[in-house]
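J.: Counting from 40, one number per residue, gives the positions in the sequence shown under this note's numbering. Cβ coordinates follow ideal geometry from the N, Cα and C atoms, glycine included. Got a structure for you, written out below as structure tokens; questions coming shortly.
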Amino acid sequence: PEEAESQNLTDGFHLIIDALKMNGIENIYHVPGIPVTDLGRMMQAEGMRVISFRHESNAGNAAAIAGYLTRKPGICLTVSAPGFLNGLVSLAHATTNCWPMILISGSSEREIVDLQKGDYEEMDQLAVAKPLCKAAYRILHAEDIGVGVARAIRAAVSGRPGGVYLDVPASLLSQVMGAAEGLKSLIKVVDPAPAHFPAPAAIDRALSLLKAAKKPLIILGKGASYAQCDDLVRAFVEKTGAPYIAMSMAKGLLPDDHEQYAGAARSLVLKEADCVMLIGARLNWLLSHGKGKQWGEPHTKKFIHIDIDPKEMDSNQPIDAPLVGDIESTLGTMLEKMDDWPVPPAEWTGAVYTKRAQNVERMAPKLVNNNVPMDYHGALGRLKRIFADHPDAILVNEGANALDFARSVIDMSKPRKRLDVGTWGVMGIGMGTAIAAAVETGHPVVCVEGDSAFGFSGMEVETICRYGLPVCVVIFNNSGIYRGTDTDPTGRDPGTTVFVKEAQYDMMMRAFGGEGVTARSPDDLERAVRDAIASGKPTLVNAIIDPQAGTESGRIGNLNPQSVVSKK
Ligand SMILES: Nc1ncnc2c1ncn2[C@@H]1O[C@H](COP(=O)(O)OP(=O)(O)O)[C@@H](O)[C@H]1O
Ligand SMILES: Cc1ncc(Cc2csc(CCOP(=O)(O)OP(=O)(O)O)c2C)c(N)n1
Ligand SMILES: [Mg+2]
40 PEEAESQNLT
50 DGFHLIIDAL
60 KMNGIENIYH
70 VPGIPVTDLG
80 RMMQAEGMRV
90 ISFRHESNAG
100 NAAAIAGYLT
110 RKPGICLTVS
120 APGFLNGLVS
130 LAHATTNCWP
140 MILISGSSER
150 EIVDLQKGDY
160 EEMDQLAVAK
170 PLCKAAYRIL
180 HAEDIGVGVA
190 RAIRAAVSGR
200 PGGVYLDVPA
210 SLLSQVMGAA
220 EGLKSLIKVV
230 DPAPAHFPAP
240 AAIDRALSLL
250 KAAKKPLIIL
260 GKGASYAQCD
270 DLVRAFVEKT
280 GAPYIAMSMA
290 KGLLPDDHEQ
300 YAGAARSLVL
310 KEADCVMLIG
320 ARLNWLLSHG
330 KGKQWGEPHT
340 KKFIHIDIDP
350 KEMDSNQPID
360 APLVGDIEST
370 LGTMLEKMDD
380 WPVPPAEWTG
390 AVYTKRAQNV
400 ERMAPKLVNN
410 NVPMDYHGAL
420 GRLKRIFADH
430 PDAILVNEGA
440 NALDFARSVI
450 DMSKPRKRLD
460 VGTWGVMGIG
470 MGTAIAAAVE
480 TGHPVVCVEG
490 DSAFGFSGME
500 VETICRYGLP
510 VCVVIFNNSG
520 IYRGTDTDPT
530 GRDPGTTVFV
540 KEAQYDMMMR
550 AFGGEGVTAR
560 SPDDLERAVR
570 DAIASGKPTL
580 VNAIIDPQAG
590 TESGRIGNLN
600 PQSVVSKK
């Protein structure tokens, strides 16, 4: 190092660090190992925040949600082959959710991989990654590191955001070049996510369609949350006066108690609306592809759709007014032309808000009980109150019943506070997501986890304790996947979807120095979670839920194929 200093040299290690830091990237989600062990150490030594995990899938989920929360690519750094593969699920998950993430993996040298000479952890990682992410690059020469990192950043955040793979062969890291020349080779990316305005004709077409609607409905998706133009979204929704619904991660863009929020009247508005405006939401399986009885098919609804990806239009239903552009530019332009905007007919808004009140009324009594064993609604009624008292707290949520019930019971009042399984419905996002939410925002994080969902990433409770993160994990422990009542018809083994009855998950958190509590009643649960938020200490609340309380696959059991062949 001394002579390098004296001859003023730099190397691949330092060029990668400098390129990331130059572009405002400071956090690295990582599992150490050959050939990136020293890269991780040097990143930390240079002041970057390197969070080391117990499995790359969790580091990847952390990087994915960091991208969603910050609009900068979340960085996951892994070893080659198995470590790279472990990170791929999260890279594909980020790409599916349109979140910017870069998976940087060490790899073997081309000359060895291409002749399959059998290296330590040998794999043609670039080829494997390409089909699963938005873009994939490999850097072979130190002087190309600036370009490689710049292109990875731009690919991750421009247009429809997504996951990018950046392949770093081991020898690249130790390549040396002149420090001055190295600095010159680095690129500070200018305007990485350029604004994208729809054509004026497209704006006018959409406005006239929306203005003519007798029963307009706005659907906000997580793309609208990601855009971070919250005031504009609110101003637009309020200017239209239209009822709106929010997809799960768009909850809180406008507060869930907003007078135009129609979440509790979702069935009515989807069936009856005559003009539906999608803002950063895809008409995919989560919206039944815009088809079927839920949409009052056959229907003659008009669709207006804002999306930055032109290929999204007509994906499921013909779009009458496509608006291809970024949400901020599009809504800003529309608002400028909406001065004397008519309010929607009172019979429409009246019908929607009456239905909403009826449904809220029906749900209310279920949420105020102190039953033992707990059911989902009794437990969630308390968490609803806690989140109302802590609007800055972040809710991480996964499971089946644990997910479906929490999504409709726990209201959000601020944007980007509900982080869940996303478009794929991935189990296991919990701990990685919680860790990145705490690291990126500093706010308290409460994870509402099914016991099966928790099991996918549960080892990271050690990571949470090691970094002393303000994370409270609430496990809805119904002793099983969906329910704890499955049986093996032969009587030999446990049922396929049951777990050890009332497993003591709280002991896991205590094992690493965190707080572990068992809650048997809603009162116990409320006290334990409020104490955790107050203390800011890593806490796991093992909430014992009645195994009879749930249903299989929550609300989407119908997606399972059914066997019509009678048993032999
Ligand atoms: N800044 C943006 N402007 C416009 N569209 C965006 C922006 N960011 C993401 N998107 C789009 O938002 C959509 C997000 O849809 P989706 O993930 O289906 O949301 P949800 O599941 O909440 O309905 C994607 O089609 C993506 O292309
Ligand atoms: C990577 C992956 N593997 C399996 C599955 C399939 C699944 C969907 S929901 C779920 C767990 C439901 O049980 P849990 O205890 O969490 O919740 P609850 O209903 O309250 O009992 C599984 C295994 C998915 N979606 N992703
Ligand atoms: Mg369960």
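1) Taking the DSSP output, what are the residues bridged to proline 208?
2) Indicate whether isoleucine 583 and methionine 413 have their beta-carbon atoms separated by less than 8 Å.
3) Confirm, please, whether the CB-CB distance from methionine 547 to valine 500 is below 8 Å.
4) Looking at the structure shown, is proline 349 part of a helix, part of a strand, or coil, going by DSSP?
5) Where does isoleucine 73 land, buried or exposed, given buried means 16+ other C-beta within 10 angstroms?
6) Are the stretch 385 to 397 and the stretch 563 to 570 in contact at 8 Å, needing three or more beta carbon pairs?
7) Indicate, with yes or no, if ligand 3 has a heavy atom lying under 7 Å from the CB of isoleucine 520.
8) Which of the three DSSP states, helix, strand or coil, is assigned to lysine 60?
9) Starting from isoleucine 474, follow its DSSP beta bridges and name the residues at the other end.
10) What are the uninterrupted segments assigned as beta strand (DSSP E) that are 3 or more residues long and contained completely in the stretch 113 to 176, given in chain order?
11) Please specify which runs of the alpha helix (DSSP H), each continuous and at least 4 residues long, are wholly inside the stretch 299 to 369, giving them in chain order.
12) Roughly how many angstroms separate the alpha carbons of alanine 133 and glycine 461, rounded to a whole number?
13) Under 8 Å, do alanine 301 and isoleucine 284 count as touching if we go by C-beta distance?
14) On the criterion of 16 or more Cβ atoms from any shown chain inside 10 Å, does glutamate 351 qualify as buried, or is it exposed?
15) Is any heavy atom in ligand 3 found nearer than 7 Å to the beta carbon of glycine 489?
16) Taking the continuous beta strand (DSSP E) assigned at leucine 434, which residues delimit it?
17) With respect to the alpha helix (DSSP H) encompassing histidine 416, which residues constitute its N-terminal and C-terminal limits?
18) For cysteine 504, name the three-state secondary structure that DSSP assigns.
19) Tell me the rounded alpha-carbon separation between valine 276 and isoleucine 257.
20) Rounded to the nearest angstrom, what separates isoleucine 184 and proline 139 at their Cα positions?
21) With 16 as the cutoff for other CB atoms within 10 Å, does glutamine 543 come out buried or exposed?
22) So is lysine 341 buried or exposed if we call it buried at 16+ other beta carbons inside 10 Å?
23) Residue ranges of each alpha helix (DSSP H) run of no fewer than 4 residues wholly in the stretch 524 to 557, ordered along the chain?
24) Alanine 281 and isoleucine 343: beta carbons closer than 8 Å?
25) Check whether the Cβ of glycine 262 sits closer than 7 Å to any heavy atom of ligand 2, and report yes or no.
26) Given that a residue counts as buried once 16 or more other Cβ atoms are within 10 Å of its Cβ, and exposed if not, what is threonine 535?
27) If you reduce the DSSP assignment to three classes, tell me which class valine 460 lands in.
28) Measure the Cβ-Cβ separation of glycine 51 and alanine 181 and say whether it is below 8 Å.
29) Would you say alanine 439 touches ligand 2, meaning its beta carbon is less than 7 Å from a heavy atom?
30) For lysine 310, I'd like the list of residues in its chain whose CB is within less than 6 Å of its CB, leaving aside the five on either flank, ordered along the chain.
31) Verify whether the separation of the beta carbon atoms of methionine 402 and glutamate 437 is less than 8 Å.
32) Where do the N-terminal and C-terminal ends of the beta strand (DSSP E) with alanine 582 fall, by residue?
33) Curious, which full-length beta strand (DSSP E) runs of at least 3 residues does the stretch 193 to 252 contain?
34) Residues bridged to threonine 49 by DSSP?
35) Would you say asparagine 436 touches ligand 3, meaning its beta carbon is less than 7 Å from a heavy atom?
36) If you run the structure through DSSP and keep just helix, strand and coil, what is proline 404?
T.: Taking the geometry as given:
1) Counting from 1 along the sequence shown, the entry for residue 208 is found at position 169. DSSP output for proline 208 lists Ser146 as bridge partner(s).
2) What you label residue 583 is simply residue 544 of the sequence shown in a count that begins at 1. What you label residue 413 is simply residue 374 of the sequence shown in a count that begins at 1. Taking a C-beta distance under 8 Å as the contact criterion, isoleucine 583 and methionine 413 qualify as a contact pair.
3) As a first step, residue 500 must be located in the sequence shown, where it is residue number 461. As a first step, residue 547 must be located in the sequence shown, where it is residue number 508. Yes, the Cβ-Cβ distance between valine 500 and methionine 547 is below 8 Å.
4) Walking along the sequence shown from the start, residue 349 turns up at place 310. Proline 349 falls in the helix class under three-state DSSP.
5) Your numbering for residue 73 matches position 34 in the sequence shown. Burial call: exposed.
6) The stretch 385 to 397, when compared against the stretch 563 to 570, does not touch it at the 8 Å Cβ threshold.
7) As a first step, residue 520 is located in the sequence shown; it is residue number 481 there, counting from the start. True, at least one ligand heavy atom lies under 7 Å from that Cβ.
8) To locate residue 60, count along the sequence shown from 1; it is residue 21. Here lysine 60 sits in helix by DSSP.
9) To locate residue 474, count along the sequence shown from 1; it is residue 435. None; isoleucine 474 has no bridge partner.
10) Listed in chain order, the beta strand (DSSP E) elements of length 3 or more contained wholly in the stretch 113 to 176 are 113 to 117, 140 to 146.
11) As far as the stretch 299 to 369 is concerned, its whole alpha helix (DSSP H) runs of at least 4 residues are 305 to 311.
12) Residue numbering aside, residue 133 sits at position 94 when the sequence shown is read from its first letter. Residue numbering aside, residue 461 sits at position 422 when the sequence shown is read from its first letter. For the pair alanine 133 and glycine 461, the Cα-to-Cα distance works out to about 9 Å.
13) If you number the sequence shown from 1, residue 301 lands on position 262. If you number the sequence shown from 1, residue 284 lands on position 245. The beta carbons of alanine 301 and isoleucine 284 sit closer together than 8 Å.
14) The residue given as residue 351 occupies position 312 in the sequence shown. Glutamate 351 is buried by the Cβ-count criterion.
15) If you number the sequence shown from 1, residue 489 lands on position 450. Checking every heavy atom of ligand 3 against the Cβ of glycine 489, one is found closer than 7 Å.
16) Taking the sequence shown and counting its residues from 1, one reaches residue 434 at position 395. Counting along the chain, the beta strand (DSSP E) containing leucine 434 begins and ends at 433 to 437.
17) Looking up residue 416 in the sequence shown gives position 377. In the DSSP annotation of this structure, the continuous segment of the alpha helix (DSSP H) that includes histidine 416 starts and ends at 415 to 428.
18) Here residue 504 refers to the residue found at position 465 of the sequence shown. Collapsing the DSSP output to three states places cysteine 504 in a helix.
19) In the sequence shown, residue 276 corresponds to position 237, counting from 1. In the sequence shown, residue 257 corresponds to position 218, counting from 1. In this structure, the straight-line span from the alpha carbon of valine 276 to that of isoleucine 257 is close to 8 Å.
20) Mapped onto the sequence shown, residue 184 falls at position 145. Mapped onto the sequence shown, residue 139 falls at position 100. Within the model, the alpha-carbon separation for isoleucine 184 versus proline 139 is close to 19 Å.
21) As a position in the sequence shown, residue 543 is number 504, starting the count at 1. By the Cβ neighbour-count rule, glutamine 543 is exposed, with fewer than 16 other Cβ atoms within 10 Å of its own.
22) On the sequence shown, residue 341 is found 302 positions in, with the first residue counted as 1. Per the 10 Å Cβ criterion, buried.
23) Segments of the alpha helix (DSSP H) lying fully in the stretch 524 to 557: 545 to 550.
24) As a first step, residue 281 is located in the sequence shown; it is residue number 242 there, counting from the start. As a first step, residue 343 is located in the sequence shown; it is residue number 304 there, counting from the start. Against a cut-off of 8 Å, the Cβ pair of isoleucine 343 and alanine 281 comes out as no contact.
25) The residue given as residue 262 occupies position 223 in the sequence shown. No, the Cβ of glycine 262 stays beyond 7 Å of every heavy atom of ligand 2.
26) Sequence index remark: in the sequence shown, residue 535 carries index 496 (1-based). With a 10 Å radius around the Cβ and a threshold of 16 neighbouring Cβ atoms, threonine 535 comes out exposed.
27) On the sequence shown, position 421 is the one that residue 460 refers to. Three-state result, valine 460: coil.
28) Here residue 51 refers to the residue found at position 12 when the sequence shown is read from its first residue. Here residue 181 refers to the residue found at position 142 when the sequence shown is read from its first residue. Yes; because the gap between Cβ atoms is below 8 Å, this pair is in contact.
29) As a working mapping, residue 439 is identified with position 400 in the sequence shown. The beta carbon of alanine 439 sits closer than 7 Å to at least one heavy atom of ligand 2.
30) Translated into the one-based positions of the sequence shown, residue 310 becomes position 271. Excluding residues within five positions, the ones whose Cβ falls inside 6 Å are Gly335.
31) Counting from 1 along the sequence shown, the entry for residue 402 is found at position 363. Counting from 1 along the sequence shown, the entry for residue 437 is found at position 398. Result no, Cβ atoms of methionine 402 and glutamate 437 do not sit closer than 8 Å.
32) Here the question's residue 582 lines up with position 543 in the sequence shown. 578 to 583 is the span of the beta strand (DSSP E), which, as asked, contains alanine 582.
33) With a minimum length of 3 residues, the continuous beta strand (DSSP E) runs that stay inside the stretch 193 to 252 are 202 to 208, 215 to 217.
34) Within the sequence shown, the letter at position 10 stands for residue 49. As a beta-bridge residue in DSSP terms, threonine 49 pairs with Met216.
35) Here residue 436 refers to the residue found at position 397 of the sequence shown. Checking the Cβ of asparagine 436 against ligand 3 gives no.
36) Taking the first residue of the sequence shown as 1, we reach residue 404 at position 365. Reduced to three states, the DSSP call for proline 404 is helix.
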